[in-house]
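Undergrad: Residue 247 in our numbering sits at position 233 of the sequence shown, with consecutive numbering throughout. Think of the CB as a built atom: it goes at the ideal place given N, C-alpha and C, for glycine as much as any other residue. The structure follows.
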Amino acid sequence: MKVLAIETSCDETSAAVIDRGRVLSNIVSSQADLHEVFFGVVPELASRAHMERVRAVVGRALKDAFGPLPWREALSKLDGVAFTQGPGLAGALLVGKVAAQTLAWSARKPLVGVNHLEAHALAAGVELSSSGSKALARPAYPYLALIVSGGHTELVHVRAVGSYRVLGRTRDDAAGEVFDKTAKLLRLGYPGGPIVDRLARKGDPAAVRFPRPLLPGTWDFSFSGLKTAVLYHVRDSGGAPPYSERFCADVCASFQEAVVDTLTAKTLAAAERLKVRRVVVGGGVAANGRLRSAFMERAKGLRVFFPPMSLCTDNAAMIAFVGEQRLRRGKSGGRLAVDPSMPVRSWHR
Ligand code: KG4
Ligand code: ZN
């Protein structure tokens with residue numbers, strides 16, 4: 015089954031084609047350069063950029079998947095079209111939805127809406143076309159998914175495709191958001207996650223003892239206290255900006271260690287309680303080097319899966335993957351309105 019998907023929930027315009035779980039093409043056009051000066055995503059700019067880019071991005075995805083065919087012919091090869099229905103920025107989501115709807119109508123193909131967080135939770139199951147590189151192991155169900163992105167931090171028990179129980183979520187900031195805010199505070203740039211990740215390698219993770227907010231008795235997270243602790247430390251010890259590289263590296267390493275300790279401790283404790291043998295990490299923060307190594311070191315007796323880097327941050331391949339699963343189970347059509355705060359919900363028993 016061949017499915018085209020469009021992802022426009024935040025600041026990446028992406029289109030992909032998947033065939034039976036395997037990626038035929040996955041094009042991602044990042045808007046990071048547009049939002050960089052604001053140290054965060056400006057929703058209006060994001061929607062406009064999606065509108066300007068979506069046609070070319072879809073065209074490239076079809077060309078990579080099927081070769082240089084006229085649009086009509088390429089679209090005729092599809093079994094359906096998927097789009098990100100939510101959560102995300104309302105205007106940005108609408109651009110992707112209208113584009114997908116137009117293609118589905120004109121090619122007379124079924125249209126299916128996909129939950130972006132569900133796609134992050136399942137992304138480790140997507141098969142990248144192996145261009146010589148060794149294929150990564152993909153997880154069997156059930157597993158515990160930790161979704162860590164710029165807008166969300168959630169622990170979800172994935173019993174099977176379409177069958178989920180959300181155990182906990184952040185009560186305030188998302189993990190990626192605190193990475194971005196720490197980078198902003200240190201005037202390092204945007205998006206902050208990859209910059210903090212890189213700089214932390216030069217720093218001492220024990221330089222500053224930042225809090226590890228564990229919220230015992232719940233599977234929820236809270237990162238706003240940590241964010242404030244970083245703010246006070248920089249204000250009280252950093253001198254005047256620009257801050258020295260040594261200072262920034264130590265703050266980044268210590269801050270990152272606090273986030274990683276919190277995420278690994280809660281996830282591994284939840285896995286033990288649920289008696290699941292597999293943990294899957296997804297979302298942009300899953301690209302973090304220290305998070306990856308810490309999970310591998312600490313996950314005794316458990317298997318931990320990370321999607322390949324290109325499937326951690328926002329991409330349409332993961333949307334196409336879930337879209338294909340939904341189409342297979344007859345879940346096209348229905349309520350297709352975009353939903354900026356769409357929760358992860360079971361849709362299949
Ligand atoms: O999943 P994603 O691409 O978009 C959302 O759905 O939000 O996640 C983006 C987030 C940003 O906050 C970004 O700073 C963070 O993921 N991120 C990272 C890394 N790469 C991206 N955080 C930590 N370490 C990284 N290497
Ligand atoms: Zn995302």
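Any heavy atom of ligand 1 inside 8 Å of the beta-carbon of LEU305?
TA: Here residue 305 refers to the residue found at position 291 of the sequence shown. Correct: LEU305 has its Cβ closer than 8 Å to ligand 1.
Undergrad: Listed by chain order, which residues have C-beta atoms less than 5 Å from any heavy atom of ligand 2?
TA: Those residues are SER163 and ASP328, given in chain order.
Undergrad: Residues in the same chain with beta-carbon distance under 6 Å from GLY146, minus the five sequence neighbours each way, listed in chain order, please.
TA: The count along the sequence shown starts at 1 and reaches residue 146 at position 132. Any reading at GLY146 is ruled out, since the residue's pLDDT is 49, under 50, leaving its predicted position unreliable.
Undergrad: Restricting to Cα atoms, I'd like to know which of ALA197, GLY100 and VAL273 is closest to VAL248.
TA: Here residue 248 corresponds to residue number 234 of the sequence shown, with the count starting at 1. Of ALA197, GLY100 and VAL273, the residue nearest in Cα terms is ALA197.
Undergrad: Excluding sequence positions up to five away, which residues of its chain have a Cβ less than 7 Å from the Cβ of ASP49?
TA: Within the sequence shown, residue 49 is the residue found at index 35, counting from 1. A small correction: the amino acid at residue 49 is His; Asp does not occupy that position in the sequence shown. Closer than 7 Å at the Cβ level, and outside the excluded window around HIS49, lie ASP25, VAL55, VAL56, LEU59 and TYR204.
Undergrad: If we ignore side chains and look at the alpha-carbon of each, how far apart do VAL175 and ALA334 end up?
TA: Here residue 175 is taken as the residue at index 161 of the sequence shown, counted from 1. Here residue 334 is taken as the residue at index 320 of the sequence shown, counted from 1. Computed Cα separation, rounded: 14 Å.
Undergrad: Starting from ALA300, trace the alpha helix (DSSP H) both ways and give me its first and last residue.
TA: Reading the sequence shown from its first residue, position 286 is the one you call residue 300. Per DSSP, ALA300 belongs to no alpha helix (DSSP H) and is neither H nor E.
Undergrad: What separation, rounded to the nearest whole angstrom, lies between the Cα atoms of ARG185 and LEU229?
TA: The sequence position of residue 185 within the sequence shown is 171, counting from 1. The sequence position of residue 229 within the sequence shown is 215, counting from 1. Looking at the two C-alpha atoms, the distance is approximately 10 Å.
Undergrad: Under the three-state reduction of DSSP, which class applies to THR278: helix, strand or coil?
TA: On the sequence shown, residue 278 is found 264 positions in, with the first residue counted as 1. Correct three-state label for THR278: helix.
Undergrad: Sorted by chain position, which residues of the same chain lie with C-beta nearer than 7 Å to HIS362's C-beta, five sequence neighbours on each side aside?
TA: For the purposes of this step, residue 362 is taken as residue 348 along the sequence shown, with counting starting at 1. VAL175, GLY176, SER177 and ARG343, listed in sequence order.
Undergrad: Three or more C-beta pairs closer than 8 Å, one from the stretch 318-332 and one from the stretch 34-42: is that the case here?
TA: Flag = yes, the stretch 318-332 and the stretch 34-42 touch.
Undergrad: Which stretch, first to last residue, makes up the alpha helix (DSSP H) that contains THR116?
TA: Position 102 of the sequence shown, counting from 1, holds the residue named residue 116. Segment 104-121, the alpha helix (DSSP H) holding THR116.
Undergrad: I need the DSSP call for ARG212, collapsed to helix, strand or coil.
TA: Taking the sequence shown and counting its residues from 1, one reaches residue 212 at position 198. Reduced to three states, the DSSP call for ARG212 is helix.
Undergrad: So SER61 packs on GLY100, CB below 8 Å; how close in whole Å?
TA: To locate residue 61, count along the sequence shown from 1; it is residue 47. To locate residue 100, count along the sequence shown from 1; it is residue 86. The pair is not a contact, with the Cβ atoms about 15 Å apart (cut-off 8 Å).
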